[in-house]
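Visitor: My questions will all concern the structure given below.
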Amino acid sequence: MIELENVAYSYGYAGGELLTEISLKLAPGSFHFLTGPSGAGKTTLLKLLYGALVPTAGHLRLWGQDIRAMSRDDIAILRRKVGVVHQDCRFLDHLPVAENVALPLTVSHQGGPDQAQNLSDLLGWVGLTARADALPPELSGGERQRAALARAVIMSPEIVLADEPTGNIDWEMSQRLLHLLVELNRMGKTIMIATHDLQLIRAAKSQVQARVLRISNRRVQLAGADL
Amino acid sequence: MIELENVAYSYGYAGGELLTEISLKLAPGSFHFLTGPSGAGKTTLLKLLYGALVPTAGHLRLWGQDIRAMSRDDIAILRRKVGVVHQDCRFLDHLPVAENVALPLTVSHQGGPDQAQNLSDLLGWVGLTARADALPPELSGGERQRAALARAVIMSPEIVLADEPTGNIDWEMSQRLLHLLVELNRMGKTIMIATHDLQLIRAAKSQVQARVLRISNRRVQLAGADL
Amino acid sequence: MRALHAALAFLIGDPQADRMVPPAGFTVTLTVFTSAAMAFLAVFALALSLASGRLAERWGDDLAKSATIRISAPADQIEDQTRAALRVLETTPGVAEARALSDEDQRVLLEPWFGPDLPVDQLPIPRLIEVIAEGDGYDATGLRLRLQAEVPGAVLDDHAAWRRPLVEAAGRLRALGWLAILLIGGATGAMITLAANAALAANAQVIAVMRLVGARDNYIAGAFVRRFTLRAAAGALGGTVLGVLTLVILPRGGGDDETGVLTGLGLSGLQWGWTLVIPPLAAAVAFLATRAAARRSLQRLS
Amino acid sequence: MRALHAALAFLIGDPQADRMVPPAGFTVTLTVFTSAAMAFLAVFALALSLASGRLAERWGDDLAKSATIRISAPADQIEDQTRAALRVLETTPGVAEARALSDEDQRVLLEPWFGPDLPVDQLPIPRLIEVIAEGDGYDATGLRLRLQAEVPGAVLDDHAAWRRPLVEAAGRLRALGWLAILLIGGATGAMITLAANAALAANAQVIAVMRLVGARDNYIAGAFVRRFTLRAAAGALGGTVLGVLTLVILPRGGGDDETGVLTGLGLSGLQWGWTLVIPPLAAAVAFLATRAAARRSLQRLS
Ligand SMILES: Nc1ncnc2c1ncn2[C@@H]1O[C@H](COP(=O)(O)OP(=O)(O)OP(=O)(O)O)[C@@H](O)[C@H]1O
Ligand SMILES: Nc1ncnc2c1ncn2[C@@H]1O[C@H](COP(=O)(O)OP(=O)(O)OP(=O)(O)O)[C@@H](O)[C@H]1O
Ligand SMILES: [Mg+2]
Ligand SMILES: [Mg+2]
Chain A
2 MIELENVAYS YGYAGGELLT EISLKLAPGS FHFLTGPSGA GKTTLLKLLY
52 GALVPTAGHL RLWGQDIRAM SRDDIAILRR KVGVVHQDCR FLDHLPVAEN
102 VALPLTVSHQ GGPDQAQNLS DLLGWVGLTA RADALPPELS GGERQRAALA
152 RAVIMSPEIV LADEPTGNID WEMSQRLLHL LVELNRMGKT IMIATHDLQL
202 IRAAKSQVQA RVLRISNRRV QLAGADL
Chain B
2 MIELENVAYS YGYAGGELLT EISLKLAPGS FHFLTGPSGA GKTTLLKLLY
52 GALVPTAGHL RLWGQDIRAM SRDDIAILRR KVGVVHQDCR FLDHLPVAEN
102 VALPLTVSHQ GGPDQAQNLS DLLGWVGLTA RADALPPELS GGERQRAALA
152 RAVIMSPEIV LADEPTGNID WEMSQRLLHL LVELNRMGKT IMIATHDLQL
202 IRAAKSQVQA RVLRISNRRV QLAGADL
Chain C
66 MRALHAALAF LIGDPQADRM VPPAGFTVTL TVFTSAAMAF LAVFALALSL
116 ASGRLAERWG DDLAKSATIR ISAPADQIED QTRAALRVLE TTPGVAEARA
166 LSDEDQRVLL EPWFGPDLPV DQLPIPRLIE VIAEGDGYDA TGLRLRLQAE
216 VPGAVLDDHA AWRRPLVEAA GRLRALGWLA ILLIGGATGA MITLAANAAL
266 AANAQVIAVM RLVGARDNYI AGAFVRRFTL RAAAGALGGT VLGVLTLVIL
316 PRGGGDDETG VLTGLGLSGL QWGWTLVIPP LAAAVAFLAT RAAARRSLQR
366 LS
Chain D
66 MRALHAALAF LIGDPQADRM VPPAGFTVTL TVFTSAAMAF LAVFALALSL
116 ASGRLAERWG DDLAKSATIR ISAPADQIED QTRAALRVLE TTPGVAEARA
166 LSDEDQRVLL EPWFGPDLPV DQLPIPRLIE VIAEGDGYDA TGLRLRLQAE
216 VPGAVLDDHA AWRRPLVEAA GRLRALGWLA ILLIGGATGA MITLAANAAL
266 AANAQVIAVM RLVGARDNYI AGAFVRRFTL RAAAGALGGT VLGVLTLVIL
316 PRGGGDDETG VLTGLGLSGL QWGWTLVIPP LAAAVAFLAT RAAARRSLQR
366 LS
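Residue numbers (my numbering), protein chains in the order written: chain A, 2 to 228; chain B, 2 to 228; chain C, 66 to 367; chain D, 66 to 367.
Shown next, in the form of C-alpha cells:
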C-alpha cells in the first residue's frame, strides 16, 4: 500500500540530504518500529509516508498513486485511510476532547450512533472518559498523547503512523496503548511506530511479529537482534 | 528555598482537588525525581513550584516569600533564579535556536562575551551546534527538548525544574543531559525532574543521591526502593 | 435559480464545518466593527453625493435663466437696436431663447426700487431683454464684443453668473462624495482581507489539524469565508442602519427651498434605496476578500 | 524635559526587547494600513471643515450688509419719514449701522438698470437706507412691523436673506466635517485596539515564553506598544502626505472669489499646519489603545 523506491529527502539547508536511498514497502498487516537517534529523520520519514512532505528524489507510491501526481484534495481523501499521531499533538483548542477525537468522522461525514458507542469505548480504553468534555489545553502531556492516538484510530484506518506516542506516558498506560495497536494489527491494519522506548519494542515483539527499522547514517536499516 | 506547607490545588472542575496535603521542602543542592501516572499532577506541582499557579490552599514560600504576597513583577524577577523545562517546549518561533537559548540572559540584560562562550559550549553539549541558526519550528521533537534544557540552565539558576525532559530523546543523549544536570547539582544547584523514564532514574541514582517522589492518590510520597 | 440555491446553501452552511473555526476572537470583532464603521461613513458620503447632485442640478437650472441685456438709446432708436440685439442673440450658440420685456414686466422688475407707482412709460428708461441659456451656456465675452459692434446701446448683464462656481462646487462635492465611497469601499476590502489573513494566520493550527484528519481545502476555506462574510454583512447592516438613523435625526434647516437639500443633507424618496445596497456590497467585498485570503493561506500552509 | 526624555527613550526603545515580538504579520500590516486610510480620510474631512468654515464666515460677512429700506412718500414727507426710519433702526437690536444713501449713491445703484444718464434728482424715486447687521442679525419680521407702524412709506427689503440658509448650510457642513473627524478618530482607535488585541492573542506563546524566562510585564508590553505606535504613526504620516498631495493635485475652480474656497476644497496658509497634527494624534491614539490592550492581555494571560 505504501512503497518507497530510492527515496531521498532534504530540507534544503547546508548539510545535504537528511534521508537517502530509502526503499521500503509497507505491506498490509505488517507491524513496524522506527528508531534512531534524535534528529535522525524519523518524523521526516513518517511525514513522507502520509504525504505531508514530497520526496526530493525517488518514487513514493501511496496505494499505487505517485505522490507527485496527486492534488491536495487527493491527499486529503487519502488521509482518511491513514491515522496519524503527531509528535507534537495538535488539536482544535476550542472543541472538547471527545469532539476532537471524533474529528476524522466529522470531516468525512460519518458521525452515526454506532460511531458514538465506538468513541466512548475508545475514550474508556485510553483512560480519558473523565476528561472527555475538557478542552485540549487543559489536558496533561500524557493525556494529549492518548487523545491523539484515539483520534488516529477512530476511523479504523488501514495504516496507523504513530510518532513517539508514549513519550509522556507511564509504563502501564503505554502497555494499554500498545495493546490497542496490536489488536488493530491483528485485524489486518498496518502499524508503524517511531519511538525511543526500547522496552516498548521488546514488549511488542513478545505479542506480534514486528520489524524494527533503524535510521542511521541517513539510511533505513533493519535493526539486529540486539533489541 | 522552596517550602510547601499543606498545599492543595484544584483546577476547579468536578472531582475536587487534584493535589492535597502536600508538604515539601526543596533544600539547596538536593536532587529530586517526580513520578506518577499520566494525569497525576506532576506538571501541576512543578507549575506551583515556579509560581505559574497559586495554591488553592496551604502555604507556598519561595525564598521565604509567600507566593500570595508577590506581584507579577516579583515573580518575574524570581523566575530568573529558576530554570524551567516545559513539557511542551515553547520558543519564540521567529528567533534562531541560539537566541532562544540565550533568552534568559537577554531579558535580564546579561549578554556578555563570556556568556557567548558559555552558550556555544552548552549548545555543543546538547548536540545543537549544527542547528544553532535554525528556527525552532524546524527542530525535531528531541532537538526542541534539548534546546529547552539548554535554555533552562544557561543562567546557572539555583533551581532547575524539568518536566519530562527526555520523553523524545534517545538513550545516549538522555545520558548526556542527565550528566549536565548532575554536574549542576554538584555545583550546589537544586534539581527536580518529572519523568516516566525509570531507567533514567536508575542511572541518576548511581551518580548522585536522588530522592524519588511519587504522586499517587493526590499526595506526594517518597517512592520505595523498588526503583 | 441555481445561483439562489448556491447562495442559500452558503448562508446555511455546514454547521459541522463551522464549528471547526474558533467562534470569537479579536479578528472577528475587528471585521464586524470595521465594516460597521465603514458602512456608516459610506452612508454619509452617499448622502453628501446625492444631496450635492440635486443642488448642482437645481442651481444649474437657475443659471440657465440668468442674464439680461439692457439697451439704452434715444427713444427713436431703441426699437431698432432691440431688434438688432435679438438678431445677434438668435445666432449666438448656447442661447436658447431671448425675449424683450414688456413695460409691464419692467414695472414688476423695478418695483423693489421705486415702489409700484413708477411711471415707466414717461421715463427714458432702457429696454431689457431676458436671455435664457441652454447647455453649457454661451460665451459671455464673445457676446459682449458682438453686441458692442452691432448694438452700441446694449449692455450684457449676466448678474447670476456668480452662481456658476457654486454649481461647479456642488458638482465637485458630488464627485468628492463618490470618490470617498470608492475609497471607503477599497479600504474596507483591504481591511477585511487583512483581518481574514490575520485570522487565518492565527488559526494555522486549526488548518493543520483539519488537514491531518483529511479535510479538503474547500471545506476548510468555506468555514472561514462563511464566518467572515456573515460578520461583515452584519456589521455593514448595523452601520448602515445607524448611519440612516443619524441622517434622519440630524437637524435639517431651510425646509424645501433650494438650499434645504444641502442644509438637511437628507435623502429623499427613492434615494433611500441606495443605502440598501451597502450591506450586500460589503458582504460581497468580504466574500471575495476572504476567499482570496483563504486560498492563499491554504496554498502557503500546504 | 523629562517628558521629552521619556519620549526619546520610547522611540529608541530596547532593541533587544523589540526583537522578541515577531516583526511582521497581518495585524501589523493592518495597523499601518488602517491608520494610513483613516489619516487620508481625516485630511479630507479636515479640508471640508476648514473650507466650509471660511465659506460660512465670508457669506456671513456678506449677509451683514444685506438689507435696504426703501421709503416712497410724497416729496415733502420723505425727509421726515427717513429720519423716523433711522430712529427706529437705531433702537433695533442686531443693527450695527444704518445710513441713508445720497443721490450719487443711488445713481450708482441704479446704473445697471437705467444706464448712467438717469436724472435721479428729477424723478420721484424713493429714498434708500442701507442697513448693516451685526452678530446674528436682527429680527426682520419684527422690524417690518415696527416700520409699518411708525414709517408708513417704508419697505424693508432684505434681498440677500436668501443666503442665510446657505451660510447655515456651510456651518452644518463644517460641523459635519468635525463630526467625521471625531468618528474617524474613534474608529481608528477602536481598530488599532482590536488589531493590537488580535496581535497579542496571536502571540500568546511569545508572552508565555517571555514570562517563563523572567521578563517583566512592562518589558513585554513595551515591545508591543512600541511596535504598534510606530507603525500607526508611520501609517498616519503616509496617509496624511497622500491626502495632502491629493488635495494639492485636485483641480480647483473659480480662483479666489468667494466660492473658490469651496470649489478647490484646498487649505490655505496656516491651515496646512492642521494636517501636521494628524500623525502625532494617530500615534497617541495608537499608544493609548495598544497600552490598554497589552495591559489587559497580560492580566488575562497571567
Ligand atoms: N521544517 C524543517 N526545516 C528544516 N529542518 C528541519 C525541519 N524539520 C526537521 N528538520 C531537521 O531535520 C532533522 C530530522 O528531523 P526529524 O524531526 O525528522 O528528526 P527525528 O528523527 O524525528 O528526531 P526526534 O527523535 O528528535 O523527534 C533534524 O535535524 C531537524 O532539525
Ligand atoms: N488548565 C487546566 N485546566 C483544567 N484541568 C487541567 C488543566 N491542566 C491540567 N489539568 C488536569 O489536571 C490533571 C493533572 O495534570 P498534569 O498536567 O499536572 O498531569 P501530569 O502528571 O503532568 O501528567 P503527564 O504525565 O501526562 O504529563 C490532568 O487530569 C489534567 O487533565
Ligand atoms: Mg521526531
Ligand atoms: Mg505533565
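The beta-carbon is built from N, C-alpha and C at its ideal position, and this holds for glycine as well.
Here the structure is a predicted model, which is why all the values come from computation and not from measurement.
(1) From Gly319 (chain D) to Leu212 (chain D), what distance separates their C-alpha atoms?
(2) Return yes when at least one heavy atom of ligand 1 lies under 7 angstroms from the C-beta of Tyr51 (chain A), else no.
(3) Terminal residues of the continuous beta strand (DSSP E) containing Asn7 (chain A)?
(4) Roughly how many whole angstroms lie between the Cα atoms of Ala286 (chain C) and Ile78 (chain B)?
(5) Give me the Cβ distance between Val108 (chain C) and Val309 (chain C), rounded to the nearest whole Å; I'm assuming they're in contact under 8 angstroms.
(6) Mind checking Pro139 (chain D): buried by the 16 CB within 10 Å criterion, or exposed?
(7) Tell me which same chain residues have a C-beta within less than 7 angstroms of the C-beta of Leu106 (chain A), skipping the five on either side of it?
(8) Excluding sequence positions up to five away, which residues of its chain have a Cβ less than 6 angstroms from the Cβ of Val183 (chain A)?
(9) Cα separation between Ala161 (chain D) and Tyr203 (chain D)?
(10) Quick check on DSSP: helix, strand or coil for Ile194 (chain A)?
(11) Would you list the residues sitting across from Asp67 (chain B) in a DSSP beta bridge?
(12) Taking Cβ to Cβ, would you say Thr196 (chain A) is nearer than 8 angstroms to Phe34 (chain A)?
(13) Taking Cβ positions only, does Leu192 (chain B) come closer than 8 angstroms to chain A?
(14) Would you say Leu136 (chain A) reaches chain C, if we count a Cβ-Cβ gap shorter than 8 angstroms as a contact?
(15) Does DSSP put Lys82 (chain A) in a helix, in a strand, or in coil?
(16) Do Leu241 (chain C) and Ile194 (chain C) come within 8 angstroms of each other at the CB atom, strictly closer than that value?
(17) Using a cut-off of 8 angstroms between C-beta atoms, extract the partners of Ser109 (chain A) located in chain C.
(18) On a Cα-Cα basis, can you pick out the residue from A:Ala148, A:Pro137 and A:Leu179 that is closest to Ser121 (chain A)?
(19) Is it true that the stretch 263–281 of chain D meets the stretch 132–147 of chain D, where meeting means three or more beta-carbon pairs spaced less than 8 angstroms apart?
(20) Ignoring anything shorter than 4 residues or poking outside the stretch 110–165 of chain D, list the alpha helix (DSSP H) runs there in chain order.
(21) Would you kindly report the start and end of the unbroken beta strand (DSSP E) that includes Leu136 (chain B)?
(22) Using the Cα positions of Ala116 (chain C) and Arg135 (chain D), report the straight-line distance between them to the nearest angstrom.
(23) With a CB to CB cut of under 7 angstroms and the five nearest residues on each side skipped, what residues in its chain are close to Val313 (chain C)?
(24) I'd like to know whether the C-beta of Val98 (chain A) is nearer than 8 angstroms to at least one C-beta of chain C.
(25) With a threshold of 6 angstroms on Cβ separation, who are the neighbours of Gly52 (chain A) within its own chain once the five nearest residues in sequence on each side are excluded?
(26) Please confirm whether any heavy atom of ligand 2 lies closer than 7 angstroms to the CB of Glu173 (chain A).
(27) Kindly indicate which residue of A:Ala153, A:Lys48 and A:Arg187 has the alpha-carbon position closest to the one of Ser278 (chain C).
(28) Hey, is Arg84 (chain D)'s beta-carbon within less than 8 angstroms of any beta-carbon in chain B?
(29) Is the beta carbon of Arg215 (chain B) less than 8 angstroms from the beta carbon of Thr21 (chain B)?
(30) Between C:Val93, C:Ser137 and C:Arg84, which has its C-alpha nearest Ala260 (chain C)'s C-alpha?
(31) For Thr196 (chain B), is the beta carbon positioned less than 7 angstroms from some heavy atom of ligand 4?
(32) Would you please verify whether the beta carbon of Thr305 (chain C) is less than 8 angstroms from any beta carbon of chain D?
(33) Quick one: residues with CB closer than 7 angstroms to any heavy atom of ligand 3, in chain order, please.
(34) Could you please give me the residues that DSSP links to Lys26 (chain B) through a beta bridge?
(35) Once the 5 residues before and after Ala101 (chain C) are set aside, which same chain residues still bring their CB inside 6 angstroms of it?
(36) What does a CB cutoff of less than 7 angstroms around Ala82 (chain C) pick up in its chain, not counting 5 residues either side in sequence?
Guide: Taking the definition as stated:
(1) Confidence at Gly319 (chain D) is low in this model, with a pLDDT of 44, below 50, so the placement of that residue should be treated as unreliable; the coordinate-derived value is given next. Spanning the two alpha carbons is a distance of roughly 40 angstroms.
(2) no
(3) Ile3 to Tyr10
(4) 44 angstroms
(5) 6 angstroms
(6) exposed
(7) Gly112, Gln116, Ile155 and Met156
(8) Gln208 and Val209
(9) 10 angstroms
(10) strand
(11) B:Arg62
(12) yes
(13) According to the sequence as given, residue 192 (chain B) is Ile; it is not Leu. For Ile192 (chain B), the answer is no, since every Cβ of chain A falls outside 8 angstroms of its Cβ.
(14) no
(15) coil
(16) no
(17) Gly279
(18) A:Ala148
(19) no
(20) 143–155
(21) Counting along the chain, Leu136 (chain B) falls outside any beta strand (DSSP E), and DSSP gives it neither H nor E.
(22) 37 angstroms
(23) none
(24) no
(25) Ile68 and Ile76
(26) no
(27) One point to set straight first is that residue 278 (chain C) is Val, not Ser, in the sequence displayed. Nearest of A:Ala153, A:Lys48 and A:Arg187 to Val278 (chain C), Cα basis: A:Ala153.
(28) yes
(29) no
(30) C:Val93
(31) no
(32) no
(33) A:Lys43, A:Thr44, A:Gln88, A:Asp164, A:Glu165, A:Ala195, B:Ser141, B:Gly142, B:Gly143 and B:Asn169
(34) B:Glu4
(35) Gly300, Gly303 and Gly304
(36) Tyr284, Gly287 and Ala288
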